[in-house]
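Asks: Have a look at this one.
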Amino acid sequence: MVRSKNTKTAIDVKLAREILERNDRGGYSVPTDGLYPFQWSWDSAITALGWMTIDEHRAWQEAETMFSGQWDNGMVPHILFHKDAETYFPGPDVWGSDKQIPSSAISQPPVWATAIRIMYEQASDRALANEKLLGLLPKLMAYHQWWYRERDPDNTGLVCSYHPWESGMDNSPAWDKPLAVVPEVDWAYQRRDLGHVDAEQRPHKPEYDRYLYLVDFYKRHRFESQYIFDHCPYKVIDIGIVSILQRAGNDLVELCRIADEEQGVTDLTEALQRTRNAIDDLWSDERQCFLNYDLISDEAIDEVTTATVLPLFGNLANAGQAVSMVELMDGWLHATKVGLSSTHPSSPRYESQRYWRGPVWLHINWMISLGAESYGYPELARRLRNSTRDCVTASGFWEYFDADSGDGCGGDNFTWTAAVALYWLVD
Ligand code: DGY
């Protein structure tokens with residue numbers, strides 16, 4: 012395990028707290044200064060768990076600020092551009108949405124209901140938790156209904172995604188083929204990410220050209236749901252989003268029960284059952300895990316990534332599938348210095364330090380570890396947690412970690428890394 016840069020084995024709690032405080036912009040947190048100067052949805056949900064260990068009021072505020080930018084149709088955008096910033100591209104003008112709080116026009120893995128259930132259950136201020144839950148519950152319901160209505164209008168049980176950024180795993184090799192058929196933009200632009208982070212750790216230009224084509228496509232078609240569903244050149248079933256939505260849906264059922272919202276329980280139960288009925292279509296006997304699916308070419312995407320074992324987190328695997336995925340991860344964890352690498356190292360597209368093509372992310376390990384534990388595999392859960400802790404104690408609070416060396420990559424002083432450390436890694 013990584014011990015090369017220093018010999019500390021305990022999490023630096025003081026520094027983790029300072030990072031949350033430093034990245035607080037008054038009611039919301041930026042993932043890191045400069046590189047990501049706005050509020051990102053799934054970062055923010057994970058960050059709220061970190062805030063719970065410091066200041067419960069502030070944790071609830073993180074959620075409320077995010078949901079203040081919810082669209083009328085229920086979507087929670089993946090970015091809220093609360094204030095202008097010159098250090099990030101593409102900004103609100105490129106997205107062109109006309110909402111009161113400028114935002115992007117796609118969402119991100121819907122981890123919010125899971126975070127809110129944890130916050131509710133762990134809160135010491137019960138009165139505050141009850142008040143906040145009642146305010147947030149209808150918004151969470153509208154968000155989940157948006158996913159089912161807009162992203163699965165045919166009720167197949169499997170919601171779809173329109174952008175690699177929506178997966179949160181932007182540059183995953185799983186998206187290479189579906190993204191390759193998207194046209195490139197023909198206008199010039201200046202990337203800002205490369206001013207903050209080494210180009211070896213970020214996506215290449217041809218991918219950015221296509222990311223931007225999609226952003227432009229939504230704007231040109233005025234964010235019209237049906238048109239985008241019918242014509243978007245990129246449309247995938249992202250097993251990460253499906254699994255996180257399922258976990259969050261089950262958590263939302265529990266929140267509805269707490270609040271005596273019987274109709275919510277009924278609606279969600281039907282949708283959750285549809286997903287359970289459909290999930291086996293994504294299982295691969297050859298890979299011993301689930302796979303993402305390209306809806307444009309109509310084929311499974313043959314790439315083993317951390318998303319493809321997330322059905323453990325979503326409680327979507329049967330017992331046999333769970334055993335297979337646990338065995339797969341056993342070898343996977345042995346194959347890199349720190350794990351779990353975001354892409355399986357046997358893939359020819361694996362790159363240990365490039366964004367989502369190999370590095371380790373803390374919050375994903377937390378999710379897989381929770382899933383492994385709930386399926387009765389505490390040993391795997393423990394190994395994942397130890398390996399995750401090793402990344403932080405050896406290298407610090409980076410955005411992600413090189414799977415072959417354990418070195419920190421991407422942005423430093425990263426909010427969700429500090430938050431996961433505070434919430435999950437401190438003994
Ligand atoms: C980026 O700009 O790299 C973000 O991940 C998009 O959400």
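All residue numbers in the sequence shown are consecutive under our numbering, ending with 438.
Using N, Cα and C, we set each Cβ at its ideal position, and we do this for glycine too.
Predicted model only: the values in this text are computed from it and were never measured.
When you measure from the CB of Asp292 to every non-hydrogen atom of the ligand ADP, does any distance come out below 7 Å?
Replies: What this structure holds is the ligand DGY, not the ligand ADP.
Asks: Thinking C-alpha only, which one of Ser406, Val349 and Val431 is nearest Ala56?
Replies: The residue given as residue 56 occupies position 45 in the sequence shown. Of Ser406, Val349 and Val431, the residue nearest in Cα terms is Val431.
Asks: Go ahead and pull the three-state DSSP assignment for Gly45.
Replies: Counting from one through the sequence shown, the residue named residue 45 turns up at place 34. Coil.
Asks: Please return the same chain residues whose Cβ sits closer than 6 Å to the Cβ of Met12, not counting the five positions on each side in sequence.
Replies: Indexing the sequence shown from 1 puts residue 12 at position 1. Reliability of the predicted coordinates at Met12 is poor, the pLDDT of 35 falling under 50, and no value is obtained from them.
Asks: Measuring only the C-alpha atoms, how far is Asn34 from Asp204?
Replies: If you number the sequence shown from 1, residue 34 lands on position 23. If you number the sequence shown from 1, residue 204 lands on position 193. Taking the straight line from one Cα to the other gives about 18 Å.
Asks: Extract the residue ranges of the alpha helix (DSSP H) inside the segment 181-239, only unbroken runs of 4 or more that lie entirely within it.
Replies: 187-191 and 216-231
Asks: On the CB-based measure, 16 or more other CB atoms within 10 Å of its CB, does Ser15 come out buried or exposed?
Replies: Here the question's residue 15 lines up with position 4 in the sequence shown. Here Ser15 scores only 41 on pLDDT, less than 50, and its place in the model should not be relied on; the value that follows carries that caveat. It is exposed - the Cβ of Ser15 has fewer than 16 other Cβ atoms within 10 Å.
Asks: Do Asn182 and Arg368 have their C-beta atoms closer together than 8 Å?
Replies: Within the sequence shown, the letter at position 171 stands for residue 182. Within the sequence shown, the letter at position 357 stands for residue 368. Yes; because the gap between Cβ atoms is below 8 Å, this pair is in contact.
Asks: Expressed to the nearest angstrom, what Euclidean distance is found between the alpha-carbon atoms of Ser406 and Phe240?
Replies: By one-based count along the sequence shown, residue 406 stands at place 395. By one-based count along the sequence shown, residue 240 stands at place 229. So the alpha carbons of these two residues sit roughly 43 Å apart.
Asks: Write down every uninterrupted run of the alpha helix (DSSP H) in the segment 261-294 whose length is 4 residues or greater and which is fully enclosed by it, in chain order.
Replies: 273-289
Asks: How about Cys300 and Val320: are their beta carbons less than 8 Å apart?
Replies: Stepping through the sequence shown from its first residue, residue 300 is reached at position 289. Stepping through the sequence shown from its first residue, residue 320 is reached at position 309. At a Cβ-Cβ threshold of 8 Å, Cys300 and Val320 count as neighbours.
Asks: What is the residue span of the alpha helix (DSSP H) that Tyr154 lies within?
Replies: Position 143 of the sequence shown, counted from the start, is the residue given in the question as residue 154. From DSSP, the alpha helix (DSSP H) with Tyr154 extends over Arg137 to Arg162.
Asks: By DSSP, does Cys420 sit in helix, in strand, or in coil?
Replies: Here residue 420 corresponds to residue number 409 of the sequence shown, with the count starting at 1. Here Cys420 sits in strand by DSSP.
Asks: Between the segment 342-358 and the segment 278-294, can you find at least three pairs of beta-carbon atoms closer than 8 Å?
Replies: no
Asks: Below 8 Å between beta carbons: does that hold for Phe234 and Ala153?
Replies: Mapped onto the sequence shown, residue 234 falls at position 223. Mapped onto the sequence shown, residue 153 falls at position 142. Contact flag unset, no.
Asks: Quick one: what does DSSP say Val247 is sitting in, helix, strand or coil?
Replies: The sequence position of residue 247 within the sequence shown is 236, counting from 1. Val247: strand per DSSP, three-state reduction.
Asks: Taking only three categories from DSSP, how would you classify Asn303?
Replies: In the sequence shown, the residue the question calls residue 303 occupies position 292. Three-state result, Asn303: strand.
Asks: Asn17 to Arg393, Cα distance in whole Å?
Replies: Your numbering for residue 17 matches position 6 in the sequence shown. Your numbering for residue 393 matches position 382 in the sequence shown. Its pLDDT being 45, under 50, Asn17 is placed unreliably by the model, and the measurement read from it follows with that caveat. Approximately 22 Å between the Cα atoms of the pair.
Asks: Take Thr98 as the anchor and find which of Tyr131, Met86 and Val208 has the nearest alpha-carbon.
Replies: For this step, residue 98 is matched to residue 87 along the sequence shown. The shortest C-alpha separation from Thr98 is found at Val208.
Asks: Expressed to the nearest angstrom, what Euclidean distance is found between the alpha-carbon atoms of Thr399 and His232?
Replies: Counting from 1 along the sequence shown, the entry for residue 399 is found at position 388. Counting from 1 along the sequence shown, the entry for residue 232 is found at position 221. Their Cα atoms are separated by approximately 42 Å.
Asks: On the three-state DSSP scale, how would you describe Asp341?
Replies: Residue mapping note: residue 341 aligns to position 330 of the sequence shown, counting from 1. Of the three classes helix, strand and coil, the one that applies to Asp341 here is helix, per DSSP.
Asks: Kindly give me the distance between the Cβ atoms of Ala270 and Leu145, rounded to whole angstroms, as I take these residues to be in contact under 8 Å.
Replies: The residue you call residue 270 lines up with position 259 of the sequence shown. The residue you call residue 145 lines up with position 134 of the sequence shown. Contact flag correct, Cβ pair sits at about 6 Å.
Asks: Have a look at the DSSP bridge pairing and note the partners of Glu310.
Replies: Reading the sequence shown from its first residue, position 299 is the one you call residue 310. The partner list for Glu310 (beta bridge, DSSP) reads Asp305.
Asks: Within the same chain, show all residues whose beta-carbon is closer than 6 Å to that of Leu46, passing over the 5 residues directly before and after it, in chain order.
Replies: Numbered from its first residue, the sequence shown carries residue 46 at position 35. Answer for Leu46: His207 and Gly422, listed in chain order.
Asks: Using 8 Å as the threshold, is the C-beta distance between Ala185 and Ile312 below it?
Replies: Within the sequence shown, numbered from 1, the residue matching residue 185 stands at position 174. Within the sequence shown, numbered from 1, the residue matching residue 312 stands at position 301. Going by C-beta atoms, Ala185 is nearer than 8 Å to Ile312.
Asks: Can you give the beta carbon distance from Gly168 to Thr286, rounded, assuming they're within the 8 Å contact cut?
Replies: Translated into the one-based positions of the sequence shown, residue 168 becomes position 157. Translated into the one-based positions of the sequence shown, residue 286 becomes position 275. A Cβ-Cβ distance of about 5 Å is found for the pair Gly168 and Thr286, placing them in contact under the 8 Å criterion.
Asks: If you count every other CB in all the chains shown that lies within 10 Å of the CB of Ser353, and 16 or more means buried, which is it?
Replies: Taking the sequence shown and counting its residues from 1, one reaches residue 353 at position 342. Buried, since its Cβ has 16 or more Cβ neighbours within 10 Å.
Asks: Leu395 lies in the alpha helix (DSSP H); which residues open and close that run?
Replies: Walking along the sequence shown from the start, residue 395 turns up at place 384. Membership of Leu395 in the alpha helix (DSSP H) is indicated by the continuous run Pro389 to Ser406.
Asks: State buried or exposed for Val105, treating a residue as buried only when at least 16 other CB atoms are found within 10 Å of its CB.
Replies: Locating residue 105 in the sequence shown gives position 94, where the first residue counts as 1. Val105 counts as exposed, since fewer than 16 other beta carbons sit within 10 angstroms of its beta carbon.
Asks: Ile90: beta carbon under 7 Å from a heavy atom of the ligand DGY?
Replies: Along the sequence shown, read from residue 1 onward, the residue named residue 90 stands at position 79. Short note on Ile90: C-beta closer than 7 Å to some heavy atom of the ligand DGY.
Asks: Do His155 and Leu327 have their CB atoms nearer than 8 Å?
Replies: On the sequence shown, position 144 is the one that residue 155 refers to. On the sequence shown, position 316 is the one that residue 327 refers to. Contact: no.
Asks: Alpha carbon to alpha carbon, how far is Pro356 from Met130? Give it in angstroms, no decimals.
Replies: Reading the sequence shown from its first residue, position 119 is the one you call residue 130. Reading the sequence shown from its first residue, position 345 is the one you call residue 356. Cα-Cα distance, rounded: 35 Å.
Asks: Considering only C-alpha positions, which residue in the set Asp296, Gly251 and Leu433 is nearest to Ile379?
Replies: Within the sequence shown, numbered from 1, the residue matching residue 379 stands at position 368. The option with the nearest alpha carbon to Ile379 is Gly251.
Asks: Grouping DSSP H, G and I as helix and E and B as strand, with all else coil, what is Val13?
Replies: Counting from 1 along the sequence shown, the entry for residue 13 is found at position 2. Per-residue confidence for Val13 stands at a pLDDT of 37, beneath the threshold of 50, marking its modelled position as unreliable; the derived number appears in the next sentence. Three-state result, Val13: coil.
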